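Reading through the structure tokens given below for one structure.
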Amino acid sequence: MASIDGSSGSDGALREAAATFALTDWPMNAWYAAAYDVELKHALLPRTIAGRSLVLYRKGDGTPIALENACWHRLLPLSEGHLEDDAVVCGYHGLMYNGEGRCVFMPSQQTINPAARVRSYPIAERHRFVWVWPGDPALADPDTIPDLHWNDDPEWAGDGGLIDVKCNYKLVVDNLMDLTHETFVHGSSIGHRSVAEVPFEVTHGPDGVTVTRWMLDVDPPPFWAMQLEWRHGRRFDRVDRWQIIHFEAPSTIAIDVGVAPAGTGAPQGDRSQGVNGFVLNTMTPQSPGACHYFWAFARNYNLDDQRITTLLRDGVAGVFGEDEEVLNAQQRSIDSNPDKQFYNLNIDGGAMWARRLIDSMIAAEGDDARYARASEQARAAALSEPATTRVEATEADRARLGI
Ligand code: FES
Ligand SMILES: [Fe+2]
């Protein structure tokens, strides 16, 4: 069996995680989803993004605005105030700020102190999300917004939601980078023994990680059997199923998922008989113990059928509700076991690479020795290891899972 981190002479099964796993942090120089497009209106929306308290709103013409959520005068959150046309009026003494964060009115003053301003943040709207850049504004390039184009591509249809999870955002990254958990957490919908049983491949590069898993000639789980029936008007007993997870640092994951009737050529590239979806996920850290988890599910068939859009959105929301319970419980347990650390299994190969890339981004922003060390290790490992690693099922898997 190949070992996921390439360490020689190991049985590949269990090894200590890097010390950085105990740390909670995030890069500041990154685009983070701050709101779903439909959430943001001509009204004040407070939201915590990467540890910063922001107030968001749309101007009358729809332009999104993100300001620091603390009045320059006495620090009352501006979200406690109100909008007057396109300006924010503080709810305490009435200072008024424009969309650039500059104070444009002070009560009982002839002149406005030019230093009176709150910070404004780079903001951009793309793929149905409103993105904010909490770091150095000079580095904010909208071309680097994570690719979630399936969310507003006319060839795809779908919808999604937002979950406020009481866990570190990296725990959601772990969760999505290893879908083995489907077998155990989502048994009634998308779970299947074959997800835990079959081999998968992890491919990593400087900016992303891909985990690929094909399950050939398996019986379809209910979520997929239903969709094939919608598409073809009849049921199929056996399918070829795929899950291809794409991670884009620091916290965006697009998962290419689907099934096709077994033997119709999907693994070779012909998915024309199948049903294909993208599970879109982007996590925004709020604090070390909480994150905003934005998600959507987009499909490429029966695009005009709103009933399917709603059923799939509700189905996926139910699946993610199961994840939320696990993630909240995991964070509570981490908090009550501060001296313990994580261990990595072969199934964590994708998550390990994702965390290395996150650590590298954090290291690049500062000279903290802890992160610098992690970044060095990640770079060294990236140079010394093959880009793709295959992880096989074992005899014990087969015995345990009843194959
Ligand atoms: S605290 Fe905002 S105007 Fe005084
Ligand atoms: Fe899950």
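First residue of the sequence shown: 13, per my numbering; consecutive thereafter.
Just so you know, even glycine gets a beta-carbon here, dropped at the ideal spot from N, CA and C.
Values in this document were obtained by computation on a predicted structure and should not be read as measured data.
Residue side-chain check: valine 328 keeps its Cβ at 7 Å or more from all non-hydrogen atoms of ligand 2. Taking 8 Å as the upper bound for CB-CB distance, asparagine 288 and glycine 270 are in contact here, some 4 Å apart. Between the segment 265-279 and the segment 36-43 there are fewer than three inter-stretch CB-CB distances shorter than 8 Å, so the stretches are not counted as touching. Here methionine 40 carries a coil assignment [DSSP, helix/strand/coil].
Under the three-pair Cβ rule at 8 Å, the segment 144-157 does not count as touching the segment 273-284. Around the beta-carbon of phenylalanine 196, fewer than 16 other beta-carbon atoms lie within 10 Å, marking it exposed. Per DSSP, reduced to three states, the secondary structure at alanine 272 is strand. One Cα belongs to arginine 59, the other to tryptophan 254, and the distance between them is close to 36 Å. Cβ-Cβ separation between phenylalanine 141 and phenylalanine 306: approximately 6 Å, consistent with a contact (criterion under 8 Å).
Exclusion of the five residues before and after methionine 108 leaves Ala99, Val101, Val116 and Phe117 as the residues of its chain whose Cβ lies within less than 6 Å of its Cβ.
In the same chain as tryptophan 365, and ignoring 5 residues on each side of it, the C-beta atoms closer than 6 Å to its own belong to His216 and Val221, in chain order. In this chain, aspartate 282 is not harboured by any alpha helix (DSSP H), its DSSP state being neither H nor E. Linking arginine 64 to glutamine 298 through their CA atoms gives a straight-line distance of about 8 Å. Contact between asparagine 180 and glutamine 343 holds: their C-beta atoms lie close to 6 Å from each other, under 8 Å. With distances taken between CA atoms, proline 232 lies nearest to Ala272 out of Glu194, Glu137, Ala272 and Gly361.
By the criterion of a C-beta distance shorter than 7 Å, leucine 88 is surrounded in its chain by Cys102, Gly103 and Tyr104, once the five residues flanking it on both sides are discounted. Of all C-beta pairs linking the segment 340-359 to the segment 166-183, three or more are shorter than 8 Å, placing the two stretches in contact.
The beta carbon of glutamate 334 sits closer than 7 Å to those of Val197 and His198, all from its chain and outside the five residues before and after it, given in chain order. Each residue's CA atom was taken as its position, placing glycine 74 and isoleucine 202 some 39 Å apart.
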